[in-house]
Amino acid sequence: MITGYCADGTAVVLTPAEPPETLRPDIIWLDLVEPSKAEDLMMERLLGISIPTRDDLKDIEPSSRLYIEENAVFMTASLVFRSDTEIPGLTDVGFILSGDRLVTIRYAEPRSFALFKASMHRFPGNCRDGAVVLTRLLETIADRTAEILEEAVTKIDDLSIAVFGDKAAGKRRPPHYLEARLRDVAGHHRLVAKTRDSLASLSRLLTFVYTVPQVQDDKETRELCRSISRDIQSLSEHAGFISGNITFLLDASLGLINVEQNAIIKIFSIASVVLLPPTLVASVYGMNFRVMPELEWQFGYPWAIAAMVISAVIPFFFFRWKGWL
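For what it's worth, our numbering labels the leading residue of the sequence shown as 45, then goes sequentially.
This is the structure:
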């Protein structure tokens, strides 16, 4: 699907079934969402440039992601999408500055694009060409990335309370509770890791955009690009801090699991030590030798029972006195 946008946010759908001879001069942004081969050919004819394919966008070499060719600037960045699901991911988005127009090629729906489309009418005078649209779009992407990190911080704080618990509540955890929280930690780690990768990609792209002649010739666009670059740097540092908190939470969860397992083993160890002396008494008086003076005792049985009980009670209170129980 190909949609063209004017400065005031007006949308125009372009289809290969009814291809235009030329592009309207007021269209400053062309958004290609999962374009077909026919749509790629139509745009190449209208713009006079080659449109990168999905495989071209996946090329991870910086030299292949950022280049100038055919009087057009080609850039590729990795953006986070599905951030509100259990399986967030990265999608490669192509940005092309061709004359006074911006062309975007994408095969997913990052929420930042929908937010930018909804806000285009707020600055129609400023969206005068493709370079301005690009910087404004990158600003929206940076803002959306900040929202993703803020939501991640909130969820990680809730998870931290769930792992360490509320001391005032005094409730016992259900079985396998901490094991389930480990899966939550893994999900948050995946989201933050994808966000850090996206920020690194955006940082490289902004460094390249800052050198583009269309951006250098416009002071306002140049300053906006510099501001976005500083925001990306701050977000990268914040993402690193969040990643450190997730690592601490993971280590703490594993430590608590080990503590609970050690407590269970300690109970069995103490139980075996407490029952060992009664077992010894029962073993001694359970022998069937012919000459045993105790066999003639009238109160031998109650004395043996009393000896077993006393030999079990004494270690129990000794462990309580030592604080091992």
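Quick reminder that beta carbons are idealized off the backbone N, C-alpha and C, glycines included.
Own chain residues within Cβ distance below 6 Å of residue i, not counting five before or after
i    : result
A212 : Unreliable positioning characterises A212 in this predicted model, as indicated by a pLDDT of 46, which lies under 50. A coordinate reading is not provided.
D228 : L203
A121 : V137, S245, L246, L249
Whether residue i touches residue j by CB criterion (8 Å)
i    : j    : result
S287 : R248 : no
P63  : M86  : yes
T148 : T265 : no
S75  : H165 : Checking the displayed sequence, the identity of residue 75 turns out to be Asp instead of Ser. Not in contact: D75 and H165 (Cβ atoms no closer than 8 Å).
P132 : K199 : no
A190 : L279 : yes
L141 : G174 : yes
I314 : F362 : no
R188 : S297 : no
A82  : P60  : yes
A283 : L222 : no
V325 : A351 : yes
Cβ separation of residue i and residue j, assumed to be a contact under 8 Å, to the nearest whole Å
i    : j    : result
A55  : T47  : 5 Å
V236 : I272 : Not confirmed; about 21 Å, so no contact.
D275 : A186 : 5 Å
A152 : F125 : 5 Å
L134 : I72  : L134 to I72, Cβ: 27 Å. No contact.
S80  : E88  : Actually they do not touch by this definition, with Cβ atoms about 13 Å apart.
Endpoints, the beta strand (DSSP E) within which residue i is located
i    : result
D75  : 71 to 77
A121 : 116 to 125
A55  : 55 to 58
S142 : 133 to 142
V147 : 145 to 150
Neighbourhood of residue i by C-beta, 7 Å cutoff - its chain only, sequence neighbours within 5 removed
i    : result
P321 : S355, A356, P359
G231 : E130
H233 : I290
V77  : M45, R150
Q260 : R266
Residue range of the alpha helix (DSSP H) that includes residue i
i    : result
D241 : 221 to 253
A196 : 174 to 208
D99  : 98 to 101
E88  : 81 to 91
L110 : Element bounds for L110: not the alpha helix (DSSP H) but the beta strand (DSSP E), 110 to 113.
L159 : 155 to 163
Coarse secondary structure for residue i, derived from DSSP in three states
i    : result
Y345 : helix
L262 : Looking at the sequence shown, residue 262 is not Leu but Asp. In this structure, D262 counts as coil in the three-state DSSP scheme.
E65  : coil
G299 : helix
D52  : coil
I95  : coil
I308 : helix
A212 : Below a pLDDT of 50, predicted positions are generally treated as unreliable, and A212, at 46, falls in that range; the measurement from the model is reported next regardless. Coil, per DSSP.
Neighbourhood of residue i by C-beta, 8 Å cutoff - its chain only, sequence neighbours within 5 removed
i    : result
A196 : H232, L235, V236, T239, I286
L182 : L246, L249, L250, V253, C269, I272
Any non-hydrogen atom of the ligand GTP closer than 7 Å to residue i Cβ
i   : result
T54 : With respect to the ligand GTP, the structure offers nothing, as it holds no ligand at all.
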